[in-house]
Every structure is written in C-alpha cells, then in structure tokens.
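S.K.:
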Amino acid sequence: MRQVLITEGEAQEKAIKEAIDTLKIAEEGMLEFFPTTPITNENQLGVLDIVMCSVLGAYRAVEEVLGVKLIVPERNPLVLSWMEALLELPVVKETRPTREKTVAFIRSI
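Start counting the sequence shown at 1; every next residue gets the next number (the UniProt record's numbering).
(1) Give every residue of the same chain whose Cβ lies closer than 8 Å to the Cβ of leucine 31, excluding the five residues on either side of it in the sequence, and list them in chain order.
(2) Can the beta-carbon of isoleucine 106 be found closer than 9 Å to that of leucine 5?
(3) In terms of residues, what are the limits of the alpha helix (DSSP H) holding arginine 99?
(4) Within 8 Å, do at least three Cβ pairs link the segment 87-103 to the segment 58-65?
(5) For the alpha helix (DSSP H) containing valine 72, list its first residue and its last residue.
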C-alpha cells in the first residue's frame, strides 16, 4: 500500500494494480479460513483484525485522495465487510484519527 502513496504516473498505476491483486489474494485466503461474516465484537479481536486495521484502516482516505477504488464489493466482499465491521467498533473509532486528518496526512506524503 505504501507504493501506491509514494509513487506517481505509471509507477503508481502499477502499484495500484499490485495492491488490487494482493487484496484479491487476501480475499481468497480469508474465504478459505473465514468463510462466514467477520467478528464484530471488540473483545474478540485477533491478530488478523489488528493487521487489517493497520494496513487497510485508512482505505477510504486513500481512495479519496487517489480517486480510485481499491476495495470493491464485487471483487473483495469479505475484505470490505470485515473492514466495515472493524471500523464500526467503538475501540477502533476512539483510537483512529479523523478522516480529515488522515486525508491531510496522505496528501502530504
């Protein structure tokens, strides 16, 4: 995801394609191990939940800044539903920066 933010032009287009391909692989792996809906109880957060929040927690801001959809329901239904569920948890809402701060930070990169 870092390359998507720090590159421009053709290099950025390549990085976006790689990010989308990586998300597809993640989706397939998650479907194999977690075929049901995501856990939405903050008392049951696991390592995967924390990693997903760390890596993809700002996906909406990244999409806004770049003007491209990285996570779409047709291609990444489980990743999207998992992220949406995680981002709605009170513990996540309380600890993450606002969308405005996140967008400003990404634009400054």
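Virtual Cβ for every residue (Gly too), placed ideally from N, Cα, C.
Bear in mind that the values here come from a model prediction, so they are computed numbers and not experimental data.
M.R.: So, to answer that:
(1) By one-based count along the sequence shown, residue 31 stands at place 31. So the list reads Leu78, once near-sequence residues are dropped.
(2) Residue numbering aside, residue 106 sits at position 106 when the sequence shown is read from its first letter. Residue numbering aside, residue 5 sits at position 5 when the sequence shown is read from its first letter. Result yes, Cβ atoms of isoleucine 106 and leucine 5 sit closer than 9 Å.
(3) Along the sequence shown, one-based indexing puts residue 99 at 99. Arginine 99 -> alpha helix (DSSP H) spans 99-108.
(4) yes
(5) What you label residue 72 is simply residue 72 of the sequence shown in a count that begins at 1. That residue, valine 72, is in no alpha helix (DSSP H); it is neither H nor E in DSSP.
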